[in-house]
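Right, one structure below, let's go through it.
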Amino acid sequence: TDLKVTGIDFLKSQNCRLHHTDAYNIKNLVVRRGQPFQLQLNCSRELRPTDKLALRFGIGENPMKIRGTLMSLNPMRQPDFSGWKVSIVKNSGQQCLLSVISSPWAPVGKYTLNVKTGSDTYKPEMGDIYLLFNPWCEDDVVFMADEARRNEYVLNDTGYIYVGSAYNIYNKPWNFGQFEEYILDACMYLMDKSGLKLSSRRDPVLVSRAMSALVNANDDNGVVMGNWAGDYSNGTSPMDWIGSVAILQQYYKTQKPVCFGQCWVFAGVLTTVMRCLGIPCRCVSNFNSAHDTDENLRVDIYLNEYGEKLTSMSLDSVWNFHVWNDVWMRRLDLPAGFSGWQAIDATPQEQSQGMFQCGPCSVKAVKEGDVYLPFDGKFVYAEVNADKVYWLVKKVNGKDKFTRISTETEGIGVKISTKAVGEDRREDITSQYKFPEGSEEERESMEKACSFIRSSRMATHARFAAAVPRLLSLDIHPPEPLPKTGLHLEITNKAALHPGNPLELAITVKTSAPGKQVINLVGSCQLQSYTGKVEASLGYVKETVELKGGSETQIPLIIGADTYMKTLASVEDEVLVHVTAIAEVQGTDDKLTKEITMPFEYPPITVQMPETAKLNEEFTCAFIFKNKLNMPLDNCKLLVEGLGIFKMTTFDQGDIQPGRIIKSEVICTPTRLGEKKMVAKLTSAQLKGISAEKKITITN
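Everything in the sequence shown is counted per our numbering, starting at 18 for the first residue and increasing by one.
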């Protein structure tokens with residue numbers, strides 16, 4: 018009688034455990050490439066050496082052997098050229114246990130399996146098998162040697178994104194949720210939508226670049242619509258997301274861009290997509306991040322005579338922070354030495370090859386100034402290395418007159434941060450992106466980068482040739498000589514920056530040179546969004562002080578609460594306090610500029626729940642918040658999500674008066690074992706995001 022296959026057992030629980038895919042919330046088999054998995058065939062009779070049996074794995078609409086998209090594997094024959102192998106582990110009676118190994122360079126995606134025996138083809142139910150990148154396999158280009166790092170960068174479905182300012186960094190808890198329902202299918206949909214040829218889907222360089230384009234909605238109706246305009250009325254404010262799951266699920270369901278995101282949302286979603294596909298990935302926050310539009314490694318900052326920043330004059334900008342991603346891979350397309358972490362960025366800032374995409378750009382190449390290597394090295398290099406040039410703008414006879422005040426060579430690209438491996442703390446990775454400021458290696462790297470940028474850069478784009486003075490040459494600025502008068506500026510806050518209280522700031526002027534000096538000082542306070550856009554100018558001080566050598570004086574800058582409360586409530590973005598000071602020594606050319614950005618400080622939310630709970634048994638979780646501020650918080654919302662314990666939900670809390678305590682409780686039913694996290698966020702018209710989290714261990 019002819020051999021027929023009557024059933025296939027995908028041995029899901031054993032295969033998924035060995036492939037580290039048991040967390041995916043999907044009924045199908047999910048395996049990683051280059052690693053064996055087993056299938057059990059149920060046959061009409063025992064398999065004989067003369068039988069014709071072929072396992073056919075196909076990917077794409079029209080799988081073909083010649084294109085490498087159809088693998089037809091016969092356990093009786095030698096392995097074929099595709100690099101896939103199948104062998105018989107055990108053959109007894111009507112059951113035959115097979116071991117299949119895919120090529121470690123196989124295209125990643127959804128494969129359909131059917132089994133051909135003679136003229137009969139068996140198509141199993143649930144015959145789609147998902148094949149992912151494999152950081153556990155030494156022959157895969159995404160191989161990562163260390164178990165703790167794989168656990169963090171591939172398997173951890175929660176984490177932090179670092180925000181705030183260089184002066185005061187805080188963490189934003191983020192649920193990546195790469196294993197949640199429909200997320201893997203959403204990633205497969207993105208792969209199909211990307212237009213990547215099936216043969217390109219084996220290469221993490223091309224896959225990560227395509228995903229950096231598709232996570233933003235520009236060009237291609239991708240996942241998240243960016244919005245920095247401050248009006249989020251026809252969507253969700255970027256401040257109101259606490260994870261990627263709701264975004265990717267909504268996108269998969271509607272196949273329309275989700276409104277709205279800013280840089281941390283793009284980075285959070287791209288982390289989810291990369292980890293879901295099996296590419297190790299981390300979120301990277303760069304503080305004082307340059308957005309250098311014209312590739313001259315300079316960001317020009319224009320100040321008026323009160324020291325207030327004029328953001329409308331410059332196309333360049335310095336963001337308080339910018340978040341992108343690093344992905345881990347061997348770069349077979351680059352010379353040796355540039356493998357490891359590669360920067361990719363889904364925030365739509367500048368076009369690359371005609372699309373809003375960025376990277377992968379070797380972090381090692383950024384550090385060493387090899388910015389000619391693909392992709393987008395010049396843009397990433399400038400984000401962490403540009404110089405800040407300060408200009409004073411004064412009206413003279415009705416025309417703007419520009420005077421260069423000073424150049425700062427060390428302020429951009431500081432405290433580059435990511436979550437530490439296996440720990441809930443910030444790790445500083447600046448040294449992976451840059452040599453120490455002022456070191457010989459840093460100077461060599463800068464000279465190398467400048468030589469490439471200079472040779473590739475034609476005259477400044479016509480659109481910049483306005484009335485604003487621009488140095489067309491690319492100067493490598495030596496560090497500014499210290500002012501001969503030993504002038505030094507410091508900006509501090511005398512009290513915590515609680516919304517509703519006066520902002521008590523101070524500017525300290527010091528001089529170390531002997532003799533008497535007369536110093537003209539101006540200091541201004543503004544509110545700005547994280548991209549450096551000024552939302553309101555709150556006030557300034559203008560004083561002339563006399564200092565003797567080695568002395569200092571402190572000038573207060575106090576802003577009443579009523580000066581900024583209206584702005585706080587009317588602006589939909591989170592704003593930061595920005596202070597700029599300019600000091601000029603009379604009778605000399607000595608000028609100095611100092612600026613600092615500080616976030617407001619908020620009262621905390623407390624999360625109360627047990628430390629452990631049992632699978633499928635209810636427990637209560639409470640959120641407590643006391644408004645300790647001297648102002649009511651209007652239109653408050655509490656956002657709550659715990660992966661595997663509680664689906665993302667928003668609770669309206671109304672207005673919370675000063676001194677009032679709110680307590681909200683939710684009933685949770687855990688559906689998965691292990692350590693889980695509950696994340697909560699409170700937003701209001703005045704405060705855009707107070708976050709808290711708590712861990713719980715779910716046991717049997």
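Virtual Cβ for every residue (Gly too), placed ideally from N, Cα, C.
Element boundaries [beta strand (DSSP E), containing residue i]
i, result
"E444", "R443 to D445"
"K405", "D404 to V413"
"I25", "V22 to D26"
"K214", "Premise fails: K214 is in no beta strand (DSSP E) and is neither H nor E."
"H515", "Where H515 is concerned, there is no enclosing beta strand (DSSP E), given that its DSSP letter is neither H nor E."
"L327", "Here L327 belongs to no beta strand (DSSP E), and DSSP marks it neither H nor E."
Limits of the unbroken alpha helix (DSSP H) element including residue i
i, result
"V721", "Lying before the first or after the last residue shown, residue 721 is absent from the chain, which here runs from 18 to 717."
"I264", "V262 to T271"
"I200", "I200 to K210"
"K565", "First-last for K565: V551 to K565, but that is the beta strand (DSSP E), not the alpha helix (DSSP H)."
"T528", "Counting along the chain, T528 falls outside any alpha helix (DSSP H), and DSSP gives it neither H nor E."
"P53", "Where P53 is concerned, there is no enclosing alpha helix (DSSP H), although the beta strand (DSSP E) it sits in stretches over P53 to C60."
"P221", "P221 to L231"
"A578", "A578 to S587"
"R34", "K29 to L35"
Given residue i as reference, the closest of the options once Cα atoms are compared
i, options, result
"W408", "G415, R421 and V401", "R421"
"S456", "M242, N91 and E385", "E385"
"P80", "K533, A165, W358 and T129", "T129"
"D19", "N42, E63, V47 and Q55", "E63"
"R347", "T328, D672, S225 and V558", "S225"
"K411", "I572, V335 and L320", "L320"
"S529", "I536, A553, L148 and K565", "K565"
"S120", "T67, F196 and V158", "V158"
"T700", "E367, A709 and N342", "A709"
"S89", "V106, C113, V117 and Q111", "V117"
"A382", "D669, R166 and M463", "M463"
"K711", "I641, V47 and L58", "I641"
"P297", "G659, N168 and L390", "N168"
Buried/exposed call for residue i, threshold 16 Cβ in 10 Å
i, result
"N32", "buried"
"Q279", "buried"
"V106", "exposed"
"P92", "buried"
"D775", "An answer regarding residue 775 cannot be provided, because it is not within the stretch 18 to 717 covered by the chain."
"N251", "exposed"
"M143", "exposed"
"G247", "exposed"
"V344", "buried"
"A483", "For A483, the predicted structure reports a pLDDT of 36, less than 50, and the residue's modelled location is therefore unreliable. A value from the coordinates is still provided. Looking at its Cβ environment, which holds fewer than 16 other Cβ atoms inside 10 Å, A483 is exposed."
"E552", "buried"
"E589", "buried"
"E400", "buried"
Secondary structure of residue i, DSSP reduced to three states
i, result
"F419", "strand"
"I2", "Here the chain comprises residues numbered 18 to 717, so residue 2 is not present and cannot be evaluated."
"L506", "strand"
"F74", "strand"
"V388", "coil"
"N251", "coil"
"K44", "coil"
"Q359", "strand"
"N168", "helix"
"S546", "coil"
"D317", "strand"
"D724", "Residue 724 falls outside the range modelled here, since the chain spans only 18 to 717, and no answer is possible."
"A479", "Because the pLDDT of A479 is 30, which lies under 50, any placement of that residue in the model is unreliable, and the question is left without a value."
"G394", "helix"
"K381", "helix"
"Y184", "coil"
"A709", "strand"
"I83", "helix"
Cutoff 8 Å: residue i Cβ touching any chain D Cβ
i, result
"G549", "Chain labels in this structure do not include chain D; a single protein chain is all it has."
Inset, instruction - Pair every Cβ in the segment 565 to 580 with every Cβ in the segment 522 to 539, then say whether three or more of these pairs are closer than 8 Å. - result: yes
Legend entry - contact_flag[the segment 499 to 518, the segment 599 to 611] where n(CB pairs < 8 Å) is 3 or more: yes
Legend entry - Sufficient close CB pairs (3 or more, under 8 Å) joining the segment 358 to 378 to the segment 175 to 190: no
Inset, instruction - Assess, as a yes-or-no matter, whether the segment 380 to 396 is touched by the segment 237 to 256 under the definition of 3 or more beta carbon pairs within less than 8 Å. - result: no
Inset, instruction - Decide if the segment 222 to 239 is in contact with the segment 317 to 331; the criterion is three or more beta carbon pairs, one per stretch, under 8 Å apart. - result: no
Legend entry - Given 8 Å, three or more beta-carbon pairs between the segment 621 to 632 and the segment 526 to 540: no
Legend entry - Cβ pair count under 8 Å reaching 3, the segment 690 to 697 against the segment 672 to 679: no
Legend entry - Contact between the segment 432 to 441 and the segment 293 to 304 (3+ Cβ pairs under 8 Å): yes
Inset, instruction - Spell out a yes or no on whether the segment 234 to 251 and the segment 281 to 289 are touching, meaning 3 or more CB-CB pairs, one atom from each, closer than 8 Å. - result: yes
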